[in-house]
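Enquirer: First the structure, then my questions, so here it is.
There are 2 protein chains.
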Amino acid sequence: MQRKSFRNMSCPIARSLERVGEWWSILIMRDALFGLRRFDEFQKSLGIAPNMLARRLNALVAAGLLERRRYSAHPPRNEYRPTKRGRDFRPVLIALLAFGNRHFAPEGASVTIVDAETGVEAEPIIVDRVTGRPIREPEFAWVPGPAAGERTRQRYARRPHSALPEATASPGPPRPTPSPAGSRTRGRVGRVRPLPAGERRSRDAHDSTACQKQIGAYKEGSPK
Amino acid sequence: MQRKSFRNMSCPIARSLERVGEWWSILIMRDALFGLRRFDEFQKSLGIAPNMLARRLNALVAAGLLERRRYSAHPPRNEYRPTKRGRDFRPVLIALLAFGNRHFAPEGASVTIVDAETGVEAEPIIVDRVTGRPIREPEFAWVPGPAAGERTRQRYARRPHSALPEATASPGPPRPTPSPAGSRTRGRVGRVRPLPAGERRSRDAHDSTACQKQIGAYKEGSPK
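Line order of the protein sequences matches chains C and P. Be aware that the first sequence starts at 0, since it is given in numbering that gives the first Met the number 0, and climbs by one per residue. Be aware that the second sequence starts at 0, since it is given in numbering that gives the first Met the number 0, and climbs by one per residue.
This is the structure we're talking about:
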């Protein structure tokens, strides 16, 4: 069950998966956020082997997503509660739920999210908290952050042309806009500019401006 | 590498994990949505063993998230492109990215999502598409859907008391509200009503109204 570790990858997705990427862990978090607390509750819910469950619970405690609390001294018994970090995992579960309902529930949803008052079914989408705009291309782009290493920067600089949005990208000069002072701005990105077919620019690996000009918008969200 | 299948679970999260829950698969989808297309591109990006990569690509094609296209007859070479279903997986990646940046990037973000025009960093949250309201408790609840089996219904009916929102829940009569005709409403749920401590009501397994009255709001989202 040991696998290659993603821990030395700087990608935030890989790092999250390192901690909670294992199937069982995600379902354990689902159950913990649902309110299950005790070993036998998780075991009954998941039909998981005890040794596997113990291992995954320990890993989730070590990763800071669950907190272990002793609720009985004799016999010694622990319960497991989501931490703040564990509660922050909920959006991942909601995104998985929406994806599963859309694509793998031909007979209809077995679990769904509704307005607690009206019972109207919700349709989860991801937006920017500040502006409320849906996070999708080409309005938003994935870019190297301030802690990006050379590998990440090169990765984004070398982005394949085929990834550029075919329908929406229009050639034009990069338009880096000054960021509002005091905002959480950590980077700037020019407007999406497809490279001419066949062109792959060389660049000084340390020229981050040149790097950023070539950053393509990572396709995000999907047109609803 | 063979594990217990989640396919016979009706939970939409489990079903999604069944198809794309493997670590590598999620990173392959990340790369595919980034624009990588060819076997050697994925291999170089991930440092994954060829036999493992081939297996995961085949699984993602079988699950309908990637489409295989031959781009060379001699020698035979395929490329892999995200399908519509594959593009719908992006919100899961965005949720994982936000979670990783928040909790596992002590040195700062290595990859972040920004407004493509201004460079201002986005803060991804999940909202209901129609109303724009953040999906969190107690405003929204997870409930059995129309295709829920008996096991799912019982699961929600038996929800542990500890899961009820401690700070927000207030006792009161259930207030099922008629759903707008023609909406995508699939269920109704009464207002969250904590059961008195120690009480666990028995109920007729086929009395779905009684079932729904006892549904607690599954804590969602987290107060920002």
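Where a beta carbon is used, it is the ideal one built from N, C-alpha and C, also for glycine.
#1: Would you mind reading off the limits of the beta strand (DSSP E) that contains residue 31 (chain P)?
#2: Am I right that residue 78 (chain C) and residue 55 (chain C) are in contact with their C-beta atoms under 8 angstroms? What's the rounded C-beta distance?
#3: Give the straight-line distance between the Cα atoms of residue 32 (chain C) and residue 70 (chain P), rounded to the nearest whole angstrom.
#4: List the residues that DSSP assigns as beta-bridge partners of residue 140 (chain P).
#5: Apart from the five residues just before and just after residue 235 (chain P), which ones in its own chain have a Cβ nearer than 8 angstroms to its Cβ?
#6: Give the DSSP-derived three-state secondary structure of residue 170 (chain P) in the structure shown.
#7: Please return the same chain residues whose Cβ sits closer than 7 angstroms to the Cβ of residue 65 (chain C), not counting the five positions on each side in sequence.
#8: What is the DSSP secondary structure of residue 125 (chain P), reduced to helix, strand or coil?
#9: Establish whether the CB of residue 13 (chain C) and some CB of chain P are separated by less than 8 angstroms.
#10: With distances taken between CB atoms, is the gap from residue 15 (chain P) to residue 95 (chain C) smaller than 8 angstroms?
#11: DSSP beta-bridge partners for residue 79 (chain P)?
#12: Return helix, strand or coil for residue 14 (chain P), following the three-state DSSP convention.
#13: For residue 146 (chain P), which residues in the same chain have their Cβ closer than 8 angstroms to its Cβ, ignoring the five residues on either side in sequence?
#14: For a quick check, are the C-beta atoms of residue 93 (chain C) and residue 93 (chain P) less than 8 angstroms apart?
#15: Closest to residue 138 (chain C) by CA distance: which of P:132, P:113 and P:125 is it?
#16: Applying the 10 Å Cβ sphere with the 16-neighbour rule, what's the burial state of residue 140 (chain P)?
#17: So with CB distances below 7 angstroms, who are the chain P contacts of residue 145 (chain C)?
#18: Starting from the Cα of residue 123 (chain C), find the closest Cα among P:103, P:122 and P:91 and give me that residue.
#19: If you follow the alpha helix (DSSP H) that residue 105 (chain C) is part of, which residue opens it and which one closes it?
#20: Does DSSP put residue 89 (chain P) in a helix, in a strand, or in coil?
#21: For the alpha helix (DSSP H) that contains residue 40 (chain P), what are its first and last residues?
#22: Can you tell which of P:61, P:67 and P:125 has its C-alpha closest to the C-alpha of residue 87 (chain C)?
#23: How is residue 145 (chain P) classed by DSSP in three states: helix, strand or coil?
#24: Buried or exposed: where does residue 118 (chain P) fall if 16 or more other Cβ atoms within 10 Å of its Cβ makes it buried?
#25: In angstroms with no decimal places, state the Cα-to-Cα distance between residue 158 (chain P) and residue 46 (chain P).
#26: Taking the alpha-carbon of residue 61 (chain C) as reference, which of P:103, P:107, P:24 and P:109 has the nearest alpha-carbon?
#27: Within 8 angstroms of any Cβ in chain C, is that where the Cβ of residue 7 (chain P) sits?
#28: Taking residue 100 (chain P) as the query, report the chain C residues whose CB atoms sit under 7 angstroms from its CB, ordered along the chain.
#29: Just to confirm, does residue 145 (chain P) get its C-beta within under 7 angstroms of one of the non-hydrogen atoms of the ligand ATP?
#30: Grouping DSSP H, G and I as helix and E and B as strand, with all else coil, what is residue 133 (chain C)?
Expert: A quick look at the data gives this:
#1: From DSSP, residue 31 (chain P) is part of no beta strand (DSSP E) but of the alpha helix (DSSP H) over 22-33.
#2: In fact, because the Cβ distance is near 15 angstroms, the residues do not count as touching under 8 angstroms.
#3: 46 angstroms
#4: C:113
#5: Residue coverage of chain P in this structure runs from 0 to 223, which leaves residue 235 (chain P) outside it and unanswerable.
#6: Caution is warranted here: a pLDDT of 37 is assigned to residue 170 (chain P), below 50, making its placement in the model unreliable, and no coordinate value can be reported.
#7: 31, 56, 59, 79, 80, 81, 82 and 85
#8: strand
#9: yes
#10: yes
#11: P:67
#12: helix
#13: 9
#14: no
#15: P:113
#16: buried
#17: 107 and 108
#18: P:91
#19: Segment: none, residue 105 (chain C) is in no alpha helix (DSSP H) and carries neither H nor E.
#20: helix
#21: 38-45
#22: P:125
#23: coil
#24: buried
#25: 43 angstroms
#26: P:103
#27: no
#28: 11
#29: In terms of ligand content, the structure shown is empty, and the ligand ATP therefore cannot be addressed.
#30: strand
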